[in-house]
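Step one of this worksheet: look at the structure below.
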Amino acid sequence: MQSAEYYLDLVKAILTYNGNEQDIQINYGMLLLSILCWCFTVLRVFNTIPDFCWFTFSCLYILFGVQIGICMFVQCIGISGVWCAMVGFAYRMWVHSPSDPVLSNKLIVFATFGSYLWANFHYFKTESNFTTICHIVATWLGYEANNIWVKSHQQRDERQREKTK
């Protein structure tokens, strides 16, 4: 059984890329962009800011927990699964949403998707294929999580409409 200090050091290494400055800049930059993109694409479906904040922080909490757990299990480092999943979720929201974001939102969305492609190409060229596969899987899971989330909201809305009839 390892000590608590061992696990804290492990989490620190995961979140800081063992001090690799380039990975820190790329991944935390992508995290910031993915959160901005998330805000511009997801915020518009919520009625209140507190509901949106609760949903966003809950998702971040879950994503970071899953990311850290996976890293401990497969002995890797990083947070790229978090921003890949957020981009996948936001992408599906943006593509399938009935109302288009305004131009400034589109710029954030396009900047995020362009940066996402650049970061993944960079890691495709510099890291193992395992990293690329993990990025693709995390993006797909974010996309599918949005699909499930949208369907559950549609079913809820249908039940509410039936009750009001």
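First residue of the sequence shown? That's 25 in our numbering, and the numbers climb one at a time after it. Think of the CB as a built atom: it goes at the ideal place given N, C-alpha and C, for glycine as much as any other residue.
For residue j and residue i, the rounded distance between their alpha carbons
i    : j    : result
E52  : G93  : Note that residue 52 is Tyr in the sequence shown here, rather than Glu. Cα to Cα, the separation comes out at about 19 Å.
L67  : F81  : 13 Å
A143 : R183 : 42 Å
N44  : A37  : 10 Å
A162 : A169 : 10 Å
A114 : E29  : 36 Å
K130 : T40  : 31 Å
Q46  : G102 : 12 Å
V69  : W164 : 21 Å
E186 : L34  : 51 Å
V90  : C83  : 10 Å
W118 : T188 : 30 Å
W78  : F88  : 15 Å
Range covered by the alpha helix (DSSP H) that runs through residue i
i    : result
K187 : N153 to T188
N51  : E45 to V66
C196 : With the chain represented from 25 up to 189, any question about residue 196 goes unanswered, as that position is not in the structure.
M117 : S104 to H120
Y30  : A28 to T40
Minimum C-alpha distance to residue i - residue among the options
i    : options                   : result
Q49  : E168, H146 and F134       : H146
C61  : K175, D181, R116 and A162 : R116
Y140 : N153, S152, K149 and G112 : G112
M54  : T188, F137, R185 and I172 : F137
Y31  : F79, F97 and L57          : F97
S152 : V133, C100, Y41 and R185  : C100
L57  : D75, Q91, S104 and L34    : S104
N42  : C95, S176, V133 and I172  : C95
Proximity test, residue i beta-carbon vs the ligand FAD heavy atom, cut-off 7 Å
i    : result
T163 : Looking for the ligand FAD in the displayed structure turns up nothing, as the structure carries no ligands at all.
Practice task
Evaluate contact between the stretch 154 to 168 and the stretch 105 to 119, counting only Cβ atoms and requiring at least three cross-stretch pairs below 8 Å.
Solution key: The stretch 154 to 168, when compared against the stretch 105 to 119, does touch it at the 8 Å Cβ threshold.
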